[in-house]
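In the working numbering, the protein residues as written are 5 to 356. Even for Gly, the Cβ is constructed at its ideal location relative to N, Cα and C.
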């Protein structure tokens, strides 16, 4: 069997979990997972023979004692000096979450240190090799993206698509309430919640609609939700969370959803660098739609390449009612676990 390593020290635990879920059934590859204590805790995992607890100080030595044909780094948002060392010595592929960040200049990186979150960014500058961040991507043999449409939209980059999203098996949910789930941290910088709340106010039907804001809400966004709750129409109910949503609760609500509503902003920032959803950055809501087999309403201007993503119209209430009545996309056929695994194995062979 071909031996590879998958590293996740920082974030994107859910991507690591998807990769594990697929590769556990592989007969072609043996995978060792190197996870920080934070990632192990997030995923509820303990150390095993192939799930190894690691740290930035220990990782390079751990990798050096094994003869891996491929190393995949799940996130390069810090520990740049470590990942530079790894990418120089080993056949390394890096999953890219913010394409514009990969080509940012050293001067711009330095300037951005003082634009926001300065204390943390100074730590990256002084101790973790921030100014060499782009070298990690240059040294890596391959840059991977998790949405195939990003490969087509970024011809200036040499990118490979890494298929990790597959539809989980769930029993269909029967209920009388129309449930619309808005997955993700409740942040106006990521999704346009003001637009969403204003749109709900215009609903005219007396049908019971339930809106679930499936992510932690605080600050001004929480105050908006509380204000809306006090003045909402009687046939509208909302549910929101003031703490991080546990994975089990997240899964339960996503299964109950009739449809996802994802009013993502066109632009966002990573390290004070502008990124564009659907162009230089994948929206995690695309993966949510695939995993739970749900059609998703995205903004009208979203650069869509997926048939299960529906562009929002001016008559959003009617649009929701039509979409929740029937199946518009065969997730089971296109994103069956076995099919995605074969595609993933084919890609991994190309990375060796």
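- Comparing C-alpha distances from residue 347 to each of 168, 266, 246 shows the shortest one belongs to 168.
- Each residue's CA atom was taken as its position, placing residue 295 and residue 67 some 31 Å apart.
- Cβ contact annotation for residue 306 (same chain, cutoff 6 Å, sequence separation greater than five): 282, in chain order.
- Residue pairing by DSSP puts residue 221 in a beta bridge opposite 190.
- Boundaries of the alpha helix (DSSP H) around residue 92: 84-93.
- Secondary structure at residue 324: helix, using DSSP grouped into helix, strand and coil.
- Excluding sequence positions up to five before and after residue 60, its CB lies within less than 6 Å of the CB of 83, 86, all in the same chain and listed in chain order.
- For residue 16, the CB contacts under 8 Å within the same chain, skipping 5 residues up- and downstream, are 78, 79, 99, 101 in chain order.
- Burial check for residue 311: the Cβ neighbour count within 10 Å stays below 16, so the residue is exposed.
- Between residue 186 and residue 200, the C-beta gap is smaller than 8 Å, which places the two residues in contact.
- The beta-bridge partner set that DSSP reports for residue 332 is empty.
- If you check the CB distance, residue 276 and residue 153 do not come in under 8 Å.
- For the options 56, 45, 114, 213, the alpha carbon positioned closest to that of residue 9 is the one of 56.
- Beta bridge pairing from DSSP links residue 216 with 185, 243.
- As the crow flies, the alpha-carbon of residue 250 is around 12 Å from that of residue 45.
- One thing to note: residue 340 has its Cβ no nearer than 8 Å to the Cβ of residue 161.
- Shortest Cα-Cα distance from residue 74 to any of 58, 92, 62 involves 92.
- In the DSSP annotation of this structure, the continuous segment of the alpha helix (DSSP H) that includes residue 125 starts and ends at 122-131.
- With a cutoff of 8 Å on beta-carbon distance, residue 284 and residue 103 are scored as near each other.
- Take residue 244, set aside five residues on each side of it, and the residues of its chain with a beta-carbon closer than 6 Å to its own are 217, 221, 229, in chain order.
- Between residue 355 and residue 146, the C-beta spacing is below 8 Å.
- In the three-state DSSP reduction, residue 10 falls in the strand class (E or B).
- Between residue 303 and residue 267 the beta-carbon gap is near 6 Å, inside 8 Å, which marks them as a contact.
- Between the beta-carbon of residue 72 and that of residue 94 there is about 7 Å, and that keeps the pair under the 8 Å contact cut.
- Here residue 207 carries a coil assignment [DSSP, helix/strand/coil].
- Close CB contacts of residue 242 within its chain, under the 8 Å cut and outside five residues either way in sequence, are with 214, 215, 216, 217, 229, 232, 233, 236 (chain order).
- In the displayed model, residue 57 falls within a strand according to three-state DSSP.
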